[in-house]
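So the structure is just underneath, and the comments pick up after that.
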Amino acid sequence: MLSSRRRAIIMRTESPLANSVILEAFARTRLLLERSRITDAAIEAEVLVRLAVRKDRARYFASLQEPLGAEQSTALDELVQRRLGGEPLGYIVGSREFYGMDFQVDSRVLIPRPETELLVDLALGFLAERKAALRSECGTGGRSPVTVADVCTGSGAVGIAIAASAQDVRVIATDISADAIDVAAANATAHSVLDRVELRLGDLLGPIPEALDLIVVNPPYIPSANWEALPSDVKMEPRMALDGGDDGLDIFRNLLKQGANRLAPNGAMFVELMPEQIENADRAARKLFEKAAVGSMQDLSGNPRVLTIQRGGK
Ligand SMILES: C[S@@+](CC[C@H](N)C(=O)[O-])C[C@H]1O[C@@H](n2cnc3c(N)ncnc32)[C@H](O)[C@@H]1O
Numbered sequence: 499m500l501s502s503r504r505r506a507i508i509m510r511t512e513s514p515l516a517n518s519v520i521l522e523a524f525a526r527t528r529l530l531l532e533r534s535r536i537t538d539a540a541i542e543a544e545v546l547v548r549l550a551v552r553k554d555r556a557r558y559f560a561s562l563q564e565p566l567g568a569e570q571s572t573a574l575d576e577l578v579q580r581r582l583g584g585e586p587l588g589y590i591v592g593s594r595e596f597y598g599m600d601f602q603v604d605s606r607v608l609i610p611r612p613e614t615e616l617l618v619d620l621a622l623g624f625l626a627e628r629k630a631a632l633r634s635e636c637g638t639g640g641r642s643p644v645t646v647a648d649v650c651t652g653s654g655a656v657g658i659a660i661a662a663s664a665q666d667v668r669v670i671a672t673d674i675s676a677d678a679i680d681v682a683a684a685n686a687t688a689h690s691v692l693d694r695v696e697l698r699l700g701d702l703l704g705p706i707p708e709a710l711d712l713i714v715v716n717p718p719y720i721p722s723a724n725w726e727a728l729p730s731d732v733k734m735e736p737r738m739a740l741d742g743g744d745d746g747l748d749i750f751r752n753l754l755k756q757g758a759n760r761l762a763p764n765g766a767m768f769v770e771l772m773p774e775q776i777e778n779a780d781r782a783a784r785k786l787f788e789k790a791a792v793g794s795m796q797d798l799s800g801n802p803r804v805l806t807i808q809r810g811g812k
């Protein structure tokens, strides 16, 4: 028999999840996340429990009535504490799905967001048209010299997703952060596209002397004054990846200046921004790209999200 004092000590040190089944652990985790106003608490709770019990989705759902082992409940407690402490789920898991592919992420890079997949969709649509036009112009027999710049590449998600879907393009990806270039290199290797995704350290288009058919960019665009009010997990991502200066458009304006003479005839530039920035960005682009067609594309919520600049021929 345990003395009542020893029982009290064990009760104090035991994980609150000890002796529960996986489903109960999920419910409790979800409640804790909801209480901390974490959106998508149910999805995040499932991810954390699966991480603690080390099961894929199918095995997790098949074992909801199995008891949580002592080690597993301690692991889950730790994971939940990290999340409640403000660490983004992507950093805890160490990866994030983007365009149907898994990307390694950690505190050195921004976690790719679903809205950025629009950039990849637009790029792939543009590249398909461009390759068809080049084939009929020069009879390249399906071979294409199309070169794409993924500026501000971070984890490499955008450029790597493009390279993985469009086999015969060359992607040059740049970032001003050496740490980000390291993460992007690991992701390019993991997705077997390192031979077609060249990574270069430097400021925007600075490291790219080549003429470009397409420039895609998700630049830092949060106005500096909005930084403090951002959710605590977002503030754990590199400020350099998010802060775009006074009105959020500093990096974008620098890129416009650099890009004005860099697009090949019929080339295009696609820039992700906040919906409320598109009007000003459109005006700035029309000044610098006098003969280009400037417009915007909407995201799934119907908000203008990507500024599009398409240069004419010659
Ligand atoms: C918003 S994140 C985009 C990351 C990735 N492309 C994505 O969509 O998930 C912006 C990235 O731009 C990089 N960056 C900031 N200023 C830069 C500059 N002047 N030149 C190149 N990269 C820059 C940051 O290091 C960060 O990785």
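Per this note's numbering, the sequence shown starts with residue 499, numbered consecutively.
From the three backbone atoms N, C-alpha and C, an ideal C-beta is built for every residue, glycine too.
Please find out if some non-hydrogen atom of ligand 1 comes closer than 7 Å to the beta-carbon of residue i.
{"i": "Met-795", "result": "no"}
{"i": "Gly-743", "result": "no"}
{"i": "Gly-592", "result": "no"}
{"i": "Leu-620", "result": "no"}
{"i": "Ser-690", "result": "no"}
{"i": "Ser-605", "result": "no"}
{"i": "Gly-652", "result": "yes"}
{"i": "Asp-673", "result": "yes"}
{"i": "Pro-721", "result": "no"}
{"i": "Val-649", "result": "yes"}
{"i": "Ala-678", "result": "yes"}
{"i": "Ala-655", "result": "yes"}
{"i": "Met-738", "result": "yes"}
{"i": "Leu-702", "result": "yes"}
What are the boundary residues of the alpha helix (DSSP H) that includes residue i?
{"i": "Ala-676", "result": "676 to 688"}
{"i": "Thr-572", "result": "568 to 582"}
{"i": "Leu-771", "result": "Where Leu-771 is concerned, there is no enclosing alpha helix (DSSP H), given that its DSSP letter is neither H nor E."}
{"i": "Leu-753", "result": "748 to 757"}
{"i": "Arg-557", "result": "555 to 560"}
{"i": "Ser-663", "result": "655 to 663"}
{"i": "Ile-590", "result": "587 to 591"}
To which residues does DSSP link residue i through a beta bridge?
{"i": "Thr-537", "result": "Paired residues: none, contrary to the question."}
{"i": "Thr-672", "result": "Val-649 and Arg-698"}
{"i": "Pro-802", "result": "Gln-796"}
{"i": "Ile-807", "result": "Met-767 and Val-792"}
{"i": "Met-734", "result": "Answer by DSSP bridge pairing: none, since Met-734 is not bridged."}
{"i": "Glu-595", "result": "Asp-600"}
{"i": "Val-667", "result": "Beta-bridge pairing links Val-667 to no other residue."}
Could you give the C-beta distance for residue i and residue j, rounded to a whole number, given that I count them as a contact under 8 Å?
{"i": "Leu-566", "j": "Val-519", "result": "7 Å"}
{"i": "Ile-749", "j": "Pro-718", "result": "5 Å"}
{"i": "Leu-761", "j": "Leu-710", "result": "6 Å"}
{"i": "Ala-661", "j": "Val-669", "result": "5 Å"}
{"i": "Ser-653", "j": "Ala-682", "result": "6 Å"}
{"i": "Gln-808", "j": "Ala-782", "result": "Rounded, the Cβ-Cβ distance is 16 Å, inconsistent with contact."}
{"i": "Glu-770", "j": "Thr-614", "result": "6 Å"}
Determine the extent of the beta strand (DSSP E) in which residue i is found, giving its start and end residues.
{"i": "Met-738", "result": "Run containing Met-738: none in the beta strand (DSSP E); it sits in the alpha helix (DSSP H), 737 to 740."}
{"i": "Asp-711", "result": "710 to 715"}
{"i": "Asp-600", "result": "599 to 602"}
Nearest to residue i by alpha carbon, out of the options?
{"i": "Pro-707", "options": "Ala-647, Gly-793 and Ala-543", "result": "Ala-647"}
{"i": "Phe-768", "options": "Ser-794, Lys-755 and Asn-778", "result": "Ser-794"}
{"i": "Asp-677", "options": "Arg-535, Gly-584, Gly-657 and Thr-651", "result": "Thr-651"}
{"i": "Thr-527", "options": "Gln-756, Asp-619, Val-691 and Ala-543", "result": "Ala-543"}
{"i": "Ala-688", "options": "Glu-595, Asp-538, Gly-765 and Phe-601", "result": "Phe-601"}
{"i": "Pro-586", "options": "Gly-598, Arg-606 and Ala-779", "result": "Arg-606"}
{"i": "Ile-658", "options": "Leu-546, Leu-697, Pro-643 and Ser-561", "result": "Leu-697"}
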